[in-house]
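Counting the sequence shown from 1 gives a position; our numbering is that position plus 614.
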Amino acid sequence: MQSLFQRPLSEHSVPDGVKLYYAPVDPYLIYGCEAIVNVDKGLAVLEDVQLSFLRRLTSLPKNSIKAPLHTETGIHPLAHRRLQISLGQAKDAMTQPPTHYAKRAFLDSIELYRIHKTGWVADIEKALNSLPIDPVLFDITNVESEKAIQDLIDRVRVSCARHLYQGLETSRLPLLHGYDRGLIPDDFDSVLKLRKYFKTVTAPAHRKALTRLLFANHTLAVEQFRRVKKADGRKFETNERPCRSCGDPTETEVHALFVCDGSDRVDGFKETVDSTRCKVDPIISIHFILEHDDLAPVFAKFLYDVFEIFTG
Numbered sequence: 615m616q617s618l619f620q621r622p623l624s625e626h627s628v629p630d631g632v633k634l635y636y637a638p639v640d641p642y643l644i645y646g647c648e649a650i651v652n653v654d655k656g657l658a659v660l661e662d663v664q665l666s667f668l669r670r671l672t673s674l675p676k677n678s679i680k681a682p683l684h685t686e687t688g689i690h691p692l693a694h695r696r697l698q699i700s701l702g703q704a705k706d707a708m709t710q711p712p713t714h715y716a717k718r719a720f721l722d723s724i725e726l727y728r729i730h731k732t733g734w735v736a737d738i739e740k741a742l743n744s745l746p747i748d749p750v751l752f753d754i755t756n757v758e759s760e761k762a763i764q765d766l767i768d769r770v771r772v773s774c775a776r777h778l779y780q781g782l783e784t785s786r787l788p789l790l791h792g793y794d795r796g797l798i799p800d801d802f803d804s805v806l807k808l809r810k811y812f813k814t815v816t817a818p819a820h821r822k823a824l825t826r827l828l829f830a831n832h833t834l835a836v837e838q839f840r841r842v843k844k845a846d847g848r849k850f851e852t853n854e855r856p857c858r859s860c861g862d863p864t865e866t867e868v869h870a871l872f873v874c875d876g877s878d879r880v881d882g883f884k885e886t887v888d889s890t891r892c893k894v895d896p897i898i899s900i901h902f903i904l905e906h907d908d909l910a911p912v913f914a915k916f917l918y919d920v921f922e923i924f925t926g
């Protein structure tokens with residue numbers, strides 16, 4: 615473990631980086647959440663630290679989309695993680711004998727909520743209502759028994775899954791849409807886990823090329839032209855982002871990898887993958903490749919070589 619701390623974060627494999635996160639980083643980010651619920655702007659500071667770590671680990675810039683940083687590494691968004699721990703503390707308090715200080719304090723907080731006073735339970739309600747995309751509705755009966763609290767924790771997990779699944783459904787991430795990958799929107803373990811390709815692609819440069827392709831932080835025109843505007847202030851439409859190699863109206867990820875015929879070098883690289891099959895159903899084919907131990911490293915090397923052509 616000591617050797618893990620002696621190298622820059624970007625030089626670690628993602629699985630090792632996840633271990634590093636849960637060793638010295640996560641304990642600081644969740645510290646005190648059993649007693650202090652997320653109700654103020656302090657959470658944003660902690661989230662910035664988490665996102666900074668994930669972007670450094672995956673070699674991505676500050677403007678990278680947040681959702682795949684979680685869905686592909688398996689690291690939970692901080693708001694949901696801290697809230698689950700808070701509710702876990704409440705569940706534990708309900709199992710204690712009536713004379714236990716934790717249970718007495720929790721029952722007092724329930725009574726404060728009933729008379730519309732501020733307190734720990736009121737903060738829980740506020741935090742649940744503040745969850746992004748899919749806030750969790752709260753009723754006082756949700757915290758009156760161990761089973762009810764566990765049901766509430768499960769609803770927070772579903773909210774987290776829906777939030778992240780929705781975050782993948784953007785035109786900027788055509789290769790990570792949940793439906794194409796068989797992800798289940800309400801299934802926490804389906805949406806959020808360390809993906810296999812991070813374990814099988816071990817060459818840092820190839821892993822970086824793969825990550826930039828999937829996370830839409832590459833040099834292809836379809837992405838680069840999103841960031842600039844025409845002289846009159848209008849945006850470039852998708853069919854106004856031409857391929858630099860063959861002149862096709864749009865230089866997309868699929869075009870550059872499997873369609874472009876403007877360079878002998880690209881054609882040569884295509885021989886390393888079954889480009890005919892990939893043209894028919896490119897996105898499913900890519901994820902089929904990434905699920906195989908032998909194919910994923912070859913495909914990542916292919917990406918690295920293609921991006922060398924389309925750089926600049």
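From the three backbone atoms N, C-alpha and C, an ideal C-beta is built for every residue, glycine too.
Exercise for the section: Determine the closest residue to residue 692 out of 862, 659, 629, 859, with distance taken between C-alpha atoms. Expected result: Position 78 of the sequence shown, counted from the start, is the residue given in the question as residue 692. The shortest C-alpha separation from residue 692 is found at 659.
Handout entry: Complete alpha helix (DSSP H) runs within the segment 782-812 (minimum length 4 residues, chain order)
Key = 792-795, 802-805
Exercise for the section: Less than 8 Å between the CB atoms is what I'm expecting for residue 717 and residue 760, so what's the real figure, rounded? Expected result: In the sequence shown, residue 717 corresponds to position 103, counting from 1. In the sequence shown, residue 760 corresponds to position 146, counting from 1. The Cβ separation is near 11 Å, so there is no contact.
Practice task
Could you tell me the boundaries of the alpha helix (DSSP H) in which residue 725 lies?
Solution key: Residue 725 sits at position 111 when you count from the first residue of the sequence shown. That run of the alpha helix (DSSP H) goes 715-728.
Handout entry: Cβ separation of residue 741 and residue 652, assumed to be a contact under 8 Å, to the nearest whole Å
Key = Looking up residue 741 in the sequence shown gives position 127. Looking up residue 652 in the sequence shown gives position 38. Their Cβ separation, rounded to whole angstroms, is 5 Å, which keeps residue 741 and residue 652 in contact under 8 Å.
Exercise for the section: Check the C-beta distance from residue 867 over to residue 904 and give it rounded, since I have them as a contact under 8 Å. Expected result: Residue mapping note: residue 867 aligns to position 253 of the sequence shown, counting from 1. Residue mapping note: residue 904 aligns to position 290 of the sequence shown, counting from 1. About 14 Å separates the two Cβ atoms, so there is no contact after all.
Practice task
Check whether the Cβ atoms of residue 733 and residue 748 lie closer than 9 Å to each other.
Solution key: Residue 733 sits at position 119 when you count from the first residue of the sequence shown. Residue 748 sits at position 134 when you count from the first residue of the sequence shown. Not in contact: residue 733 and residue 748 (Cβ atoms no closer than 9 Å).
Handout entry: For residue 713 and residue 686, the rounded distance between their alpha carbons
Key = As a first step, residue 686 is located in the sequence shown; it is residue number 72 there, counting from the start. As a first step, residue 713 is located in the sequence shown; it is residue number 99 there, counting from the start. If I take the Cα positions, the gap works out to 45 Å.
Exercise for the section: Measure the C-alpha to C-alpha separation of residue 670 and residue 780 and round it to an integer number of angstroms. Expected result: Position 56 of the sequence shown, counted from the first residue, corresponds to residue 670. Position 166 of the sequence shown, counted from the first residue, corresponds to residue 780. So the two alpha carbons sit approximately 24 Å from each other.
Problem - Limits of the unbroken alpha helix (DSSP H) element including residue 738 - result: Locating residue 738 in the sequence shown gives position 124, where the first residue counts as 1. Here the alpha helix (DSSP H) through residue 738 covers 734-743.
Problem - 4-residue-minimum alpha helix (DSSP H) runs that sit fully inside the segment 662-701, ordered along the chain - result: 681-685
Problem - Sequence-distant residues of its chain with Cβ nearer than 6 Å to residue 830 (five each side left out) - result: Start at 1 with the first residue of the sequence shown, and residue 830 comes out as number 216. Contacts found: 786, 787, 837.
Practice task
Please work out which residues of its chain come closer than 7 Å, Cβ to Cβ, to residue 727, disregarding the five sequence neighbours upstream and downstream, and give them in chain order.
Solution key: To locate residue 727, count along the sequence shown from 1; it is residue 113. Taken in chain order, the residues that qualify are 733, 735, 736, 754.
Exercise for the section: Could you give the DSSP three-state label for residue 655: helix, strand or coil? Expected result: For the purposes of this step, residue 655 is taken as the residue at position 41 of the sequence shown. It is coil, neither helix nor strand.
Handout entry: Spatial neighbours of residue 856 in its chain, beta-carbon cut-off 8 Å, leaving aside the 5 residues before and after
Key = The sequence position of residue 856 within the sequence shown is 242, counting from 1. Hits under 8 Å: 835, 862, 863, 864, 865.
Practice task
Assuming residue 790 and residue 828 form a contact by the criterion Cβ under 8 Å, report the distance between their Cβ atoms to the nearest whole angstrom.
Solution key: Within the sequence shown, residue 790 is the residue found at index 176, counting from 1. Within the sequence shown, residue 828 is the residue found at index 214, counting from 1. Yes, they are in contact, since the Cβ atoms of residue 790 and residue 828 sit about 6 Å apart, within 8 Å.
Problem - Nearest-angstrom beta carbon gap, residue 794 and residue 898 [assumed within contact, 8 Å] - result: Within the sequence shown, the letter at position 284 stands for residue 898. Within the sequence shown, the letter at position 180 stands for residue 794. With a Cβ gap of about 6 Å, residue 898 and residue 794 count as contacting.
Exercise for the section: My understanding is that residue 770 touches residue 694, with C-beta atoms under 8 Å, so please give their C-beta distance in whole angstroms. Expected result: In the sequence shown, counting from the first residue as 1, residue 770 sits at position 156. In the sequence shown, counting from the first residue as 1, residue 694 sits at position 80. Contact flag correct, Cβ pair sits at about 6 Å.
Exercise for the section: Output yes or no for whether 9 Å exceeds the beta carbon distance between residue 639 and residue 808. Expected result: The residue you call residue 639 lines up with position 25 of the sequence shown. The residue you call residue 808 lines up with position 194 of the sequence shown. Result no, Cβ atoms of residue 639 and residue 808 do not sit closer than 9 Å.
Problem - Inter-residue Cα distance where the pair is residue 661 and residue 642 - result: As a working mapping, residue 661 is identified with position 47 in the sequence shown. As a working mapping, residue 642 is identified with position 28 in the sequence shown. Answer to the nearest angstrom: the Cα atoms are 12 Å apart.
Handout entry: Pairwise C-alpha distance: residue 758 and residue 872
Key = Position 258 of the sequence shown holds residue 872. Position 144 of the sequence shown holds residue 758. Distance between the alpha carbons of residue 872 and residue 758 is about 57 Å.
Practice task
Return the CA-CA distance between residue 622 and residue 820, expressed in angstroms with no decimal places.
Solution key: Position 8 of the sequence shown, counted from the start, is the residue given in the question as residue 622. Position 206 of the sequence shown, counted from the start, is the residue given in the question as residue 820. Rounded to the nearest angstrom, the two C-alpha atoms are 18 Å apart.
Problem - Inter-residue spacing [alpha-carbon to alpha-carbon] between residue 799 and residue 853 - result: Here residue 799 corresponds to residue number 185 of the sequence shown, with the count starting at 1. Here residue 853 corresponds to residue number 239 of the sequence shown, with the count starting at 1. Looking at the two C-alpha atoms, the distance is approximately 31 Å.
Handout entry: Where residue 855 sits in the DSSP three-state scheme
Key = Position 241 of the sequence shown, counted from the first residue, corresponds to residue 855. Note: residue 855 maps to strand in three-state DSSP.
Handout entry: Rounded C-alpha distance that separates residue 921 from residue 832
Key = Position 307 of the sequence shown, counting from 1, holds the residue named residue 921. Position 218 of the sequence shown, counting from 1, holds the residue named residue 832. Cα to Cα, residue 921 sits roughly 8 Å from residue 832.
Handout entry: 8 Å Cβ shell around residue 679 - same chain, five flanking residues per side excluded
Key = Walking along the sequence shown from the start, residue 679 turns up at place 65. For residue 679, where only same-chain residues beyond five positions count, the Cβ hits under 8 Å are 781, 784, 786, 787, 829, 830.
Exercise for the section: With a cut-off of 8 Å on the beta carbons, I'd call residue 682 and residue 812 a contact; round off their distance for me. Expected result: Within the sequence shown, the letter at position 68 stands for residue 682. Within the sequence shown, the letter at position 198 stands for residue 812. Not a contact, Cβ separation roughly 12 Å.
Problem - Cutoff 8 Å; reference residue 767; Cβ partners in own chain excluding five residues on either side - result: Counting from one through the sequence shown, the residue named residue 767 turns up at place 153. Result list for residue 767: 698, 701, 702, 705, in chain order.
Practice task
Give every residue of the same chain whose Cβ lies closer than 7 Å to the Cβ of residue 804, excluding the five residues on either side of it in the sequence, and list them in chain order.
Solution key: In the sequence shown, the residue the question calls residue 804 occupies position 190. 797, 798, listed in sequence order.
Exercise for the section: Report the residue from 724, 745, 896 whose alpha carbon sits nearest the alpha carbon of residue 756. Expected result: By 1-based counting over the sequence shown, the position of residue 756 is 142. Selected option, being the one with the closest Cα: 724.
Problem - Neighbourhood of residue 750 by C-beta distance below 8 Å, restricted to the same chain and skipping five residues each side - result: The sequence position of residue 750 within the sequence shown is 136, counting from 1. Closer than 8 Å at Cβ, skipping near neighbours: 742, 743, 766, 769, 770, 773.
Exercise for the section: From the DSSP output, read off the bridge partner residues of residue 843. Expected result: Start at 1 with the first residue of the sequence shown, and residue 843 comes out as number 229. Per DSSP, 849.
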